[in-house]
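Undergrad:
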Amino acid sequence: MSEDAIAQLHEQRNTAALRCADALHSGQEEYARTQAAKAVRLDEEIRAIDGAPDHTHNTNTEERES
43 MSEDAIAQLH EQRNTAALRC ADALHSGQEE YARTQAAKAV RLDEEIRAID GAPDHTHNTN
103 TEERES
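If you count the sequence shown from 1, you need to add 42 to reach the working numbering.
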């Protein structure tokens, strides 16, 4: 996948996250949920392409390592 395509995925993810935040702020919970789900899906797709680990459930690595 080209760098431009990956950058577009990042932009789409960020847009969905911002729309989610705006919707939550204005009380549109259902729309916020759909945008949050879209952002998560795009983030998973980006991680799969980049081969990056999933840190969404990694709350405090320093505490676990000590």
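In this text, a Cβ means the ideal position worked out from N, Cα and C, and glycines have one as well. As the structure is a computational prediction, the values presented were derived from the model and not from experiment.
What's the gap between the Cα of A79 and the Cα of A65?
TA: Their Cα atoms are separated by approximately 13 Å.
Undergrad: What distance in whole Å lies between the Cβ atoms of L60 and I88, which are believed to be in contact at a cut-off of 8 Å?
TA: Not a contact, Cβ separation roughly 16 Å.
Undergrad: Please name the residue in A63, E53, M43 whose C-alpha comes closest to that of Q77.
TA: With distances taken between Cα atoms, Q77 lies closest to A63.
Undergrad: Taking the CB atoms as reference points, tell me whether A81 and A58 lie closer together than 8 Å.
TA: Yes, Cβ-Cβ distance for A81 and A58 is below 8 Å.
Undergrad: Can you name the start and end residues of the alpha helix (DSSP H) that Q50 belongs to?
TA: Here the alpha helix (DSSP H) through Q50 covers 45 to 67.
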